[in-house]
Structures are given as C-alpha cells and as structure tokens.
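The letter at position 1009 of the sequence shown is residue 1194 when you use our numbering, and the numbering goes up by one with no holes. From the three backbone atoms N, C-alpha and C, an ideal C-beta is built for every residue, glycine too. All values derive from a computational prediction rather than experimental measurement. For reference, the structure discussed in these notes is given below.
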Amino acid sequence: MRRSFPGRRKAITLAVLAGISFPVVAQDDPEAEIEEVLVTGSYIRGTPLDAPSPVQVVDRASIEAQGAAIIWDVIKNLEVNSGSVTNPGSGDNSQVEGTANVNLRNLGENSTLTLINGKRQVGAAANTRSGGEFVDLNAIPLVMTERVEVLTDGGSALYGADAVAGVVNIIMRTDFEGLEVYGDLQGVEAAGSQFDATVSAIWGWGSDDGNTHLVLSAERFERDPVSVQDGNFFDENSQFLGTVGTAGSLVSSTALGARVSPGWLNNEVRDWNVANGGLATAVYTDPGCYTLKSQDGSPLIIGALREIRGERGGTCREDVSEWNYISQQAARDSFAGAFNHTFGNGTEFYSFAQYSDSNTVRADDGYNQSRGPTVFLAAPGSTAGNPAYGGYGIGMSAELGYFAPSVGLTRPTAATITNSPLSAANGGPNVTLWQGLRYGLPRQGADDNTTWTNTSGIQAGLRGEFEVADRVLNYDVSYAWSGSSLEQTYRTFDRDRSELAANGLGGPNCKPNGRPDFNFQGATVLGSNALNMWNPKLYGLGLTQTFFPGFVFTTRENMSYGLTSNNQGQGGCQFYNPFLSALTNPALRNSEELMEWINVKTNVRDKRNKMAVFDAVVSGELFEMRGGTAQFAAGGQYRSSNNHSRASLLNLPGLTNRILGYDAAGKPNNFHYVSNNFDCSLCAYNYDHERNVSAVFMELSLPFIENVETQIALRYEDYGGQIGSELSPKLAVSWRPIDTLLVRGSFSQSFRAPNVTIIETGLESSGATFRDPIRNQSVRAGILPATNENAIPGFTYTLGVPAPDVGNEYADTFSTGFLWTPAGKLDGLSVGADFWRFEVSDRVLPQPPISALQPEITAFEAAAKNPANYVLNDTIPADSPTPYAACNPAALTAQFGNSAKERINCVVDPRSYVVPGISRAFGVTTASLITLTLSAVNAGTITSDGVDLTTGYRWSNDWGSWGVGLDYTYVRQYILADVPGFERGLLELGVFDAAGTTGDGNLVRSLPDNKGHITFNWQRDQQGVTLVNRHIGSYRDLAYDATYQNGSDFTRSLLTKNVASYDTWDIQYRYSYEWANNNLGSTIFTAGLLDAFNEELPYRESSGLHYDAGVFDGRGRRFYLRALWQFR
186 MRRSFPGRRK AITLAVLAGI SFPVVAQDDP EAEIEEVLVT GSYIRGTPLD APSPVQVVDR
246 ASIEAQGAAI IWDVIKNLEV NSGSVTNPGS GDNSQVEGTA NVNLRNLGEN STLTLINGKR
306 QVGAAANTRS GGEFVDLNAI PLVMTERVEV LTDGGSALYG ADAVAGVVNI IMRTDFEGLE
366 VYGDLQGVEA AGSQFDATVS AIWGWGSDDG NTHLVLSAER FERDPVSVQD GNFFDENSQF
426 LGTVGTAGSL VSSTALGARV SPGWLNNEVR DWNVANGGLA TAVYTDPGCY TLKSQDGSPL
486 IIGALREIRG ERGGTCREDV SEWNYISQQA ARDSFAGAFN HTFGNGTEFY SFAQYSDSNT
546 VRADDGYNQS RGPTVFLAAP GSTAGNPAYG GYGIGMSAEL GYFAPSVGLT RPTAATITNS
606 PLSAANGGPN VTLWQGLRYG LPRQGADDNT TWTNTSGIQA GLRGEFEVAD RVLNYDVSYA
666 WSGSSLEQTY RTFDRDRSEL AANGLGGPNC KPNGRPDFNF QGATVLGSNA LNMWNPKLYG
726 LGLTQTFFPG FVFTTRENMS YGLTSNNQGQ GGCQFYNPFL SALTNPALRN SEELMEWINV
786 KTNVRDKRNK MAVFDAVVSG ELFEMRGGTA QFAAGGQYRS SNNHSRASLL NLPGLTNRIL
846 GYDAAGKPNN FHYVSNNFDC SLCAYNYDHE RNVSAVFMEL SLPFIENVET QIALRYEDYG
906 GQIGSELSPK LAVSWRPIDT LLVRGSFSQS FRAPNVTIIE TGLESSGATF RDPIRNQSVR
966 AGILPATNEN AIPGFTYTLG VPAPDVGNEY ADTFSTGFLW TPAGKLDGLS VGADFWRFEV
1026 SDRVLPQPPI SALQPEITAF EAAAKNPANY VLNDTIPADS PTPYAACNPA ALTAQFGNSA
1086 KERINCVVDP RSYVVPGISR AFGVTTASLI TLTLSAVNAG TITSDGVDLT TGYRWSNDWG
1146 SWGVGLDYTY VRQYILADVP GFERGLLELG VFDAAGTTGD GNLVRSLPDN KGHITFNWQR
1206 DQQGVTLVNR HIGSYRDLAY DATYQNGSDF TRSLLTKNVA SYDTWDIQYR YSYEWANNNL
1266 GSTIFTAGLL DAFNEELPYR ESSGLHYDAG VFDGRGRRFY LRALWQFR
C-alpha cells in the first residue's frame, strides 16, 4: 500500500518531528511518493505521516545542526527527556560517570526501552542508586548513526517489558556509500586548553547491482576534565573545602583520668561560639593547622562560609575547588560495521556489529579517607590515676598494652613505647580517641580512580518474502547478542591493616605479640568490670558496634591486639599517625611502605551483563476492507540475559568469622562477617543472575474506512517464576479527514519487570535526605511524639537487601493529537500537538526512608515509656565526666517545666532502642543517622500528563531557504500517591505533584514543567546558519525548607524558593566547499557556539555545585570547530 503526498510536505513534517529544522530543504516534487518503511512503534510498514502513535525523528542533518559530539548531546535536547543522570554532580553514584541514559517523562531510566536498529541492546553494567538499569548511549558511535526515532507512548504491546514510557530506536547507517572523515574540537571558554576532541571516519561500499553493502566506521573521542573553577556558576559564594587535619573525637573526660594536651584546645573558636550564641563546649584543633600551608602556599582554614552561628568546629581544611570537576576526563574508542547482501531470490542477509571501549578518570585531589573512624589507644602513662582506686584511672584500660599482663606479657610504659603519635611528648592530644584515616596529604591532585566500560554487540538476520496460498508474506528472522562490562578501581583503606596500624602494629613485617580473642569488654580491673572503660555501659558496645552488616566501628580482634600486645612501634611494627605532625616531624612521618600497605588500590567492582535475543516476525496483507488493505504482523521473541558481578576481595570474602560476642567464660562464641574495605560494605556484590523470557505478539492494521489507519496489538510475555506472565494490549487510530490534517489517538497497557539484581541481591549502598523525628531533641526527651510534624531534615547512608517478593509495575498510557500541514498560501507550515497521560501503578521503588525507620520509632516509643531509660543528653559524648548519667524526666518536669532546657536535656538512652538495620552515630548529642537499610517495594501510583507541541514553517526566496520551528513540552502534573511513608508527600512537605519541582531525588528527580526550544535556519548555496534558543522554565526547590532549617545565616541569605528560568542561545555557521579536484571530494566547515551568551546558571544553594546539575550544564559558553570531508 502506497499513498501520494507532496514531497516537500514530507520534509517539513519530518523536520518538525525532529525538533530541529533541516539545514537543507527538499525540492518541490508534486509527484513524489513516500515509500513506506518500518517506523518505530509498528512492525507493519507505514510512514511517520500516518503513524497512529507519536514518533519524533531526529535525522543526521538535525544531529549535525545541534553541534552534537555524542548521542547524549541529542537526547539531552529532547524536551520529552527529563531526569537523566549523566552530568557530574547530578546526585547519582560513581558507576554512572561517563555513561548517558534516556529518561522519557521522568518515569525512570528503567521505563524507557532503547533499541539499536530495532533490536534490544544489553543494559550497561552499571546501576543508578535507585537500582535503575539503562543502555549506555555514549557507547553508540555518532559517526555511524543515521537517525534517532522516539516513540513517546507505551510500547510494551510490540516490544515487551521496559517500554513503559516509550522507545528510543537508534538507526545505523547500514547502506552508506562513500567515505567521510570527520574532526571536531569543542572547548569551554573559561577552561582554556581543555577540550572535547572527536576524530571519526566511515567508509561504505555498494555493489554495482545494489545487492551488497559493506560499511565500516571508527570513532575516537577524548574529553579533558573541567574544574568547577571554570564553570560559569563559580563565584565568591562557592567554597569547596577538604579536610587536612582533625583532632577526632577525644575521650577527654577528667572523670576517666584524661589529661588533654593544652595545645589542642582552640579557645579562640570556643569563645567565638559563645559570643555567637553557642555553647562553651571545648573545641580541639590539630596544632599543625596554625603553621602548615597548602601546596600552593595558601594558609589552612578553620571554619567555613556555611557554618552554623555558634557551632564552628576545630577541623582544619584547605581549598580543593581545583580538583572538583563538572566534566570528568574520558576517552572512548568505538568501531561499528554493517554488511548486507540480497540473494537472487530476494532474500536479504543483514548484519551489524559494534564495539566500544572507554575509560573515565574520576579525577580528584589525590586524597582519600576511610569511610568511618577507628579507635586510637592512648600511649602508656597518658591517664591520670585516681588515689581512691590505688592510682588507677578508668582511662588506663584504653591505653596501649594495658591488658598485656592478662596474656602473660609485661605491660608497656611510656619508656618502652616512645613513638606513639598520640603521646604528649610527641605533640599528640594525650588521650584515647577515634577518627578516620587519611592518605594523600598534602593534596597534589593526580588521583587516577578509573572506570572502564566495554560494550559490544552483533546482529544478524535474514528477511525476505515467501508465498502462502497465493499470498506474499514478509519474514524477518534475527539473532542479536550484546554485552557490557564495567571495572571500577580506586584507592581504599584495608580495614584490618588500618586498625592494626592505628595502634602501632602496622606494616608488612609486624607480628603483634598479643592475642586477638581477649574479652576486653568483660575484663575486670581491681576486681570490677565497672571500672573498665570497655564496660558495655561505658564505651564497650559503642566502639565495637555494627553500623550495618559488614561494617563495624572497630573489630574486636584488632582492639584485643592493641590492648594485649606490648611491641607497638617496635621491631618492624609501625604507627599510623593521623595528625599533621606526620608532615612536620620526620620521626613521626608515615612511611611510604606503611601507607602502601594500608591504603591499597583495588578493583572494587567487576560487572558484566550479557543478552541474547532471537526474533522472528511475519507480516503481510490480509484482505481488502472499505478503507484499503488490512495488514498484519506476528512474531515471537526469546531472550536470555545474564548479570554477573565480582566484588573486590576486600569486600568479599572480606574478614570472615570475626568475633561478635563472648560466653560467660570469656571465650568467643558469636561471629559475623566484616568488610575489609574501610570505604564500604554492601557497595559491591558477588552474583550471577540469569533471566529467560519468551514472548509472542500480534499486530493488525485495519482500515475500516478511507483515510483511517487502525493499529491493534497484543503481546504475551512470560518471565516464569515469581514474575510470571503478562498481556500487553494497544489500540491506536489515525484519521486524515482532509489531506492536510492528521488526527490520532492511542491507548496501551505496559509493564516492567523488576530488575533481577533488585530481586536477588538488593540495592547497592547510597544515601538519602529525609525528615527524621528522632533527631528532634524534644522527641528524644519524650515531650513530643515521634511524628513527621516534629521531624528534622537529615541525611543518612542507605543499604539494600534482596526483595524477592517485589513484582511488576504497570502503566496505562493515553495519547491523542493532531498534525496539520496546510497547502496553498500556508504551504510550508506545520502545526502538531500530542496530549499524553501516563497512569503508573505498583511502581518499583526504593523503600521510603521514613518507612524503613518505623521499627526504630516503635522501639523508641516503647523505651520512652520507661523512666529508667532516660539519661542526660550532654553526658552522651565521649568527653562527658559522667557518661550516660541517669535522669528522672518526671522530676525535672515538676521542677522546671516541660519546655525548660533542663527537662529537654533528659532524653531516652539511645542504647535502649537499637534495632537491626538502623545505626546512629555513637557518642553524639544529635542522634544523627549513619545508616538505614532499604528494600525495594511495589508501592504507589504516578499520574502524569501534559502536552508536546511542535510547529514549523519553511519558505524560500532569492535570499535562500528559511525555516523556523518550535518544540515545547508542558507537564501539567506528576502526582505520586499511595507510597508507604509518603503520607506527607515529597520531602514530607505535603507536596504530591512533582511537576515543576526538584523532586526528592529518590522517587522522582527534578522535573521542570516547561521546556522548549525555537530553531531558526537559513541556507543559501554553500552557506548555512542555525540559531537555537533553548528555554527551561522556573521550578520549585523542594529542598528549600530543609536547607533553611539546617542552614547557617550565610546559607539562608542565598536561598531561593524557586530555581529560576534559563534561556540560552546556540549559534552555528557552516560552509560547504567543493574542491576543484574532484578526487578531493567536498568539505563542510562548521563553527559554532553553545550557550553563546554565557547565561548565568540559576542558583541553587541546596545543591553541592550550587546549580541543579541534573537539569543544567555548568560549563557555560563553549565553542566548536569541525570539518567533514566527504568522498562519494
């Protein structure tokens, strides 16, 4: 079936659909006919002009007119794409750096199916922090790309699961003939010599009879890192600080015999805090902070622009903005090829293959630190004795080797251990403390944490015709295989070695002479366990607590070695020095041997995904109907996928069978796993997951009346097991009441199966910000109920657990629209609009943090009912003279009243409501959450609707060919409902409609509700100009309230309730030159500016980079120069 329409109208319509006008205008040819081809959204041949479903097409000319260097540059400019995590600083994990993904309608990268040549492609071996999987667009070579087709309504009825929000189909140049050599250089104006550089070539050959084609291509892409200092958002309000030195948390209670070295007290900061309404709490600073300088000679910094008034700490920092990046260093090699041949009987063999290898350098300042603290024991003789106990001080039980006599060794003294960095004689604080370990001081940059990704694939098939009962049918049988791998390296601290080195037992040649299994928590001193600082009622449980599975404060074995050995710092045993004296005193320097021993480079993740897909499709004509010939397509698919992961040996097996408890005789009787990676535990896994899916489908095109196209499709897909099988229907109709007007509408039901890793393994570690009621001291005091109204915003690390019961998510999709291309005086005009609506249910989501916190809230409420569970809040810290001093809430209420500070200081003992999977900071007065365990759940609904508008107009005169176009998307609503723990909406603000907001970063990302661009085109002979004005409307910053509540005066002065609107201009000039020597072909020279006027980015104080990196590009004005040499 073939229909005739004016050829120019075809060009105009496709240009509007593409979202950018073509730089070349088709010639008038009233007799031209449009050949029907397979269009994304149907297996029956047709044209975008008559497609009953909305399909946006971005062809190669449009790609080049945008100044695109990679496929992501095309996708990010589509108004229908929103919420992709690609730019550095967009809030996702390091696995996704260097990759790019598409997120249609902000329904999640999981919900958009990405195809290559209509075939499924394996997901990247990387996951977003919400467990999302996606195809890495950056692995697709731009030089080989013919066009991008975007189906913007559901596609599960034809393509299967994952096409909930739509389909992106990237079509390759499989029939290209000739030779093209291409070079492109893009630079950030403020970054000087930092560039994106691309060199590529494509060669294609076709036989004289047109039956055989061979195409080969290669592409090299290199990106230089761009520092935040070169971003157009960087100003006097920007501050990027890194820790240089800290005292840590000192056990400074005089009741325990502590004698803190006076030089560590920072009275200046303490007095400043008091003068600004703060407490007279002691503040400690490493003395080296006053004399040392940064690598560039600038003084070190105490304090920060955004510190809370009266709450300045003593941490020593330096400016590290030079090593914070908005664009990471990357390099990628891509190769692709296609071969097809048509045999004499009309059967065509076709094939396509690709290979991409890339590395992304996650460059930083060359510094790294342990994720958590470890215990540093005081040097012998540091603690003052108490005459009442025969000269014994409780803090002595936390000195190096104090329990050595219990294992038959001599207790060490200050004379036998002389090189402890904690001792007063060596300038140390002279007390037991806990803090993290650091590497890479002074900072010099050049860290080479690297992510390697590799993507490969091959497609091969046969298509042709065969006869059945005098009816000619088409067939297409194909096999596609694709694979993706990711390897991620970084430096991290070896926990086991670090804990030993913290207490003088480090180094490859050290053999501790104590015991690893001594029960120091139950040891008696002067006949009483109560006088032991490791008593569970003092610090014993806190300093060995398990924050979450595999991650502890300090392992009992290494603490036992530190307390029972007496060879610390001797005979090959070395101290790790956490203080700045390591940089100023050669005798206390951390040796290179020791640092290489405790701080190791490891391949923290090695992940590999594979997918094999077999497709078979038959299509053809059925019978004549009133409006034309009925057609059908039917087929089946079988796909098999494998997800494989291997974690670093530091993580798995890690440290197995570590002591967790002792029996009454002091013998270890309870054991657990501890990660030996001092950066993380549940951040990498070992798994090998298989998933096999079979499917069949049927599609009908039934022209019931003239000028009406009807699409009816149904797909059955079977996952087996817990997922089971699903039916996905689709009904779409297009009607052309007059030659110049197309009206269309569609309804479809889609589904998405949960990712197999979420079911079998769980979410990887991440983080979340939410409102926590237990952080409110009046709640902890039992005065206010633990409800959301009394919650305080806070951040926590999050961990995942398997979710074997999670099921599919579903979507009903509605779409209606029109496309008008008038003739006569309005010839050249096109106006189109599509109104869309998605109703998603049983969404697969990370469990809302407030829901995961409920078991602790329940335990807290039970503990709060018992008056014996109350302690004074200011006695919880390590420097309290009387740790965990009991108090009577009723008596304090009677004496002072409920609102008095004396009553509020009486809180529920944090040790009385500890539950598995939830950990809070030990020894602090703020009850800050450290970790929270989240599962994945089927919860809630999303209702989102809006409109996509496209208009365009083309005309020609003596001055050349002209074109103007508008593409605009308005999101009317994006309402979330029925999510457990979501009763008060996004960030507990009572906001349920995410449209026009920054979202919460967990359930939904930033979603500007107004996005669009206007394109102006001019072409005359060899010259052409393209101007593009891009607009993003303002939207509400949902983090405003939490940031204001927690922020300093400085922070509050910069806060705005809305992210302002943003308009930029892109400008391109091109010139095509025909060389006099025909053998030299022709060359198109192009020069352009992106963000030509260097528009100021909308400021967002609550973002780490102070702009919304998930929406905006912070690089500012960029130029590009390119040359395309063509030989035909």
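Asked: Unbroken beta strand (DSSP E) runs of length 3 or more, entirely within the segment 946–1027: which are they?; Found: 951–957, 977–985, 994–1005 and 1014–1026
Asked: Less than 8 angstroms separating the beta-carbons of V259 and A253?; Found: yes
Asked: Is there contact between the segment 606–618 and the segment 427–446, where contact requires at least three CB pairs shorter than 8 angstroms?; Found: yes
Asked: Is it the case that the Cβ atoms of N743 and E684 are separated by a distance below 8 angstroms?; Found: yes
Asked: Got a sec? Which residues, its chain only, sit under 6 angstroms from R405 by beta carbon, not counting five neighbours each side?; Found: V384 and D518
Asked: Mind checking which residues open and close the beta strand (DSSP E) that includes V335?; Found: T330 to L336
Asked: Would you mind sorting R1303 into buried or exposed? The rule is 16 or more other CB atoms within 10 Å of its CB.; Found: buried
Asked: Please give me, in chain order, every unbroken run of the beta strand (DSSP E) with length at least 3 that falls completely inside the segment 1071–1119.; Found: 1091–1093, 1103–1105 and 1114–1119
Asked: Spatial neighbours of G1197 within its chain, please: C-beta separation below 7 angstroms, excluding the five flanking residues on both sides.; Found: E264, L1151, D1152, Y1153, T1154 and H1216
Asked: Considering only residues of the segment 1190–1243, which uninterrupted alpha helix (DSSP H) runs meet the minimum length of 4 residues and lie entirely inside it, listed in chain order?; Found: 1225–1231 and 1234–1239
Asked: Which whole-angstrom value describes the C-beta separation of M257 and L322, a residue pair presumed to lie in contact below a C-beta threshold of 8 angstroms?; Found: First, the amino acid is wrong: residue 257 is Trp here, not Met. W257 to L322, Cβ: 5 angstroms. Contact.
Asked: Identify which residue in S247, R230 and P239 has its Cα closest to the Cα of T1211.; Found: S247
Asked: With DSSP collapsed to three states, give me the class of W1310.; Found: strand
Asked: In terms of residue numbering, what span does the alpha helix (DSSP H) encompassing V259 cover?; Found: I256 to I260
Asked: For the pair the segment 933–951 and the segment 338–351, tell me if three or more CB-CB distances fall below 8 angstroms.; Found: yes
Asked: May I ask you to report which of helix, strand or coil DSSP gives S591?; Found: helix
Asked: Could you tell me which residues DSSP pairs with V1176 in its beta bridges?; Found: G1170 and L1171
Asked: Does the beta-carbon of N1262 have 16 or more other beta-carbons within 10 angstroms, so that it is buried, or is it exposed?; Found: exposed
Asked: Would you kindly check if the distance between the Cβ of V373 and the Cβ of G1289 is under 8 angstroms?; Found: no
Asked: If the criterion is Cβ atoms closer than 8 angstroms, does the pair S534 and N302 meet it?; Found: According to the sequence as given, residue 534 is Phe; it is not Ser. In this structure, N302 does not lie closer than 8 angstroms to F534 by Cβ.
Asked: Measure the alpha-carbon distance for P1095 versus A1112 and round it to whole angstroms.; Found: 8 angstroms
Asked: Who are L300's beta bridge partners in DSSP?; Found: R305 and N354
Asked: Consult DSSP for S933 and reduce its assignment to one of helix, strand or coil.; Found: strand
Asked: What number of angstroms, rounded off, separates the C-alpha of G668 from the C-alpha of T271?; Found: 21 angstroms
Asked: Out of W1147, S866, T466 and Q896, point me to the one whose CA is closest to S437's CA.; Found: T466
Asked: Under the three-state reduction of DSSP, which class applies to E453: helix, strand or coil?; Found: helix
Asked: Can you check which of these residues, V1189, A1227 and G1299, is closest to G268 by C-alpha distance?; Found: V1189
Asked: Straight-line CA distance for T635 to F319?; Found: 20 angstroms
Asked: Given this structure, state the Cα-to-Cα distance separating D420 from A708, to the nearest angstrom.; Found: 57 angstroms
Asked: On the criterion of 16 or more Cβ atoms from any shown chain inside 10 Å, does Q673 qualify as buried, or is it exposed?; Found: buried
Asked: According to the Cβ coordinates, are G952 and L867 closer than 8 angstroms?; Found: no
Asked: How close, in whole Å, do the beta carbons of G498 and V468 come, if the pair is a contact with beta carbons under 8 angstroms?; Found: 7 angstroms
Asked: In three-state DSSP terms, what is A1300?; Found: Note that residue 1300 corresponds to Arg in the displayed sequence, not to Ala. In this structure, R1300 counts as coil in the three-state DSSP scheme.
Asked: Quick one: complete alpha helix (DSSP H) runs, 4+ long, within the segment 342–406?; Found: none
Asked: Kindly identify the DSSP beta-bridge partner or partners of C474.; Found: Paired residue(s): none; C474 is not in a bridge.
Asked: At the level of alpha carbons, what is the spacing between G725 and L1077?; Found: 29 angstroms
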